[in-house]
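Contents: one structure, followed by commentary.
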Amino acid sequence: MSSRSDVIEGRLVYTEKLGWVDTGHSKGNDARMLMAAINSGDDTKEPYFTIKYTQYMGLGLKYGTSKITRWKVRRGLSLHDKKRVALTIMMYTTHLFEAHQDSFPFNWYTDSGYSGEDLVSNLLGFYQAINGVDYLPQLQPISKEDALKRWDYYGAIGKYKNKIFKPLLFPDPQKYPNNARPYYSSLPTFLNTISPITDIDRSHLLIHIEDRTGYNIDAVRDVGIELE
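The C-terminal position of the sequence shown is numbered 1036 in the working numbering, with every residue numbered one higher than the one before it.
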């Protein structure tokens, strides 16, 4: 759940091209590990290998909940197809996880589910990780002072739900007093170069095995990405 203090401390920045960005999500650690697991799968001898991908929230690693998806991925894919597979797994699981956060009882005490910055921050992290590029300067971040003005005018980003991988922008109310309303915009071209697999059921690149919900109660499990 994002707060005004996140803006002050630099964990949340506002950009003119992508809207609010969570700098933790945008590091792309999950995407980096997922690509590493997919690359390691090429060392197997079977036509397909199995990946378990988890998105987790909790108090440390011993108490929390997660959404877990499992997939069979075809061995020996081209780099471009590996990126498509990774993006598909990330997007699919992200939707499950955000819906989980936005459901009872979690939505009683947090507005994190589908918070306006979540999906685009994950997408930014994916592209930064797989391409090894810091895209933040190209997104035109504004000053912390100006970002706080946006926050104070529009309120907490968590009350604005964004369920699509597109920027939700908040116009400067001083520049556009008659149009100071959030609106969706298009992704910058450099964050739209890879197409996820839309027809998963018919894809020969990956096979969806299962989805499940995990709960950690005084135990550490289901908190990472594994090649099974």
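Note that CB positions come from ideal geometry on N, CA and C, so glycine has one too.
Rounded distance between the beta-carbons of residue j and residue i, thought under 8 angstroms
{"i": "I1008", "j": "Y822", "result": "Rounded, the Cβ-Cβ distance is 34 angstroms, inconsistent with contact."}
{"i": "S848", "j": "Y864", "result": "About 21 angstroms separates the two Cβ atoms, so there is no contact after all."}
{"i": "P990", "j": "L977", "result": "7 angstroms"}
{"i": "I1005", "j": "S1011", "result": "5 angstroms"}
{"i": "S923", "j": "S810", "result": "6 angstroms"}
{"i": "G832", "j": "A937", "result": "Contact doesn't hold; Cβ gap of about 13 angstroms is too wide."}
{"i": "G872", "j": "N970", "result": "G872 to N970, Cβ: 23 angstroms. No contact."}
{"i": "L826", "j": "P945", "result": "Not really, about 12 angstroms apart at Cβ, beyond 8 angstroms."}
{"i": "M899", "j": "I1033", "result": "Not a contact, Cβ separation roughly 15 angstroms."}
{"i": "T858", "j": "R883", "result": "That pair is no contact at about 11 angstroms."}
Residue i, DSSP secondary structure in three states
{"i": "M809", "result": "coil"}
{"i": "Q948", "result": "coil"}
{"i": "D830", "result": "strand"}
{"i": "E1034", "result": "strand"}
{"i": "W916", "result": "Only weak support exists for where W916 lies, its pLDDT of 47 falling under 50; the value from the coordinates is given anyway. Helix, per DSSP."}
{"i": "T852", "result": "coil"}
{"i": "K969", "result": "strand"}
{"i": "R840", "result": "helix"}
{"i": "V750", "result": "Residue 750 lies beyond the residue range present for the chain, which begins at 809 and ends at 1036; the question has no answer from this structure."}
{"i": "F857", "result": "strand"}
{"i": "R883", "result": "coil"}
{"i": "K957", "result": "helix"}
{"i": "G933", "result": "helix"}
{"i": "K835", "result": "helix"}
Extent of the continuous alpha helix (DSSP H) to which residue i belongs
{"i": "Y922", "result": "Looking at the DSSP string, Y922 is not in any alpha helix (DSSP H), and its letter there is neither H nor E."}
{"i": "Y900", "result": "L887 to Q909"}
Opening and closing residue of the beta strand (DSSP E) in which residue i lies
{"i": "V770", "result": "The first residue shown for the chain is 809 and the last is 1036, placing residue 770 beyond what the model contains."}
CB contact check: residue i to chain D, cutoff 8 angstroms
{"i": "K957", "result": "The structure shown contains no chain D; it holds only a single protein chain."}
ask   = Are the segment 811-820 and the segment 952-963 in contact at 8 angstroms, needing three or more beta carbon pairs?
value = The segment 811-820 vs the segment 952-963: in contact.
query = Of all the beta strand (DSSP E) runs that stay within the bounds of the segment 985-1022, which reach a length of 3 or more residues?
reply = Counting only runs of 3 or more, we get nothing.
query = Are the segment 971-987 and the segment 839-848 touching, with three or more C-beta to C-beta distances below 8 angstroms?
reply = no
inquiry  = Whether or not the segment 874-891 and the segment 1015-1023 are in contact is what I'm after, with contact meaning three or more pairs of Cβ atoms, one per stretch, closer than 8 angstroms; do they touch?
reply    = Yes, they touch.
key: Validate contact between the segment 889-909 and the segment 924-938 using beta carbons, cut 8 angstroms, 3 pairs   = yes
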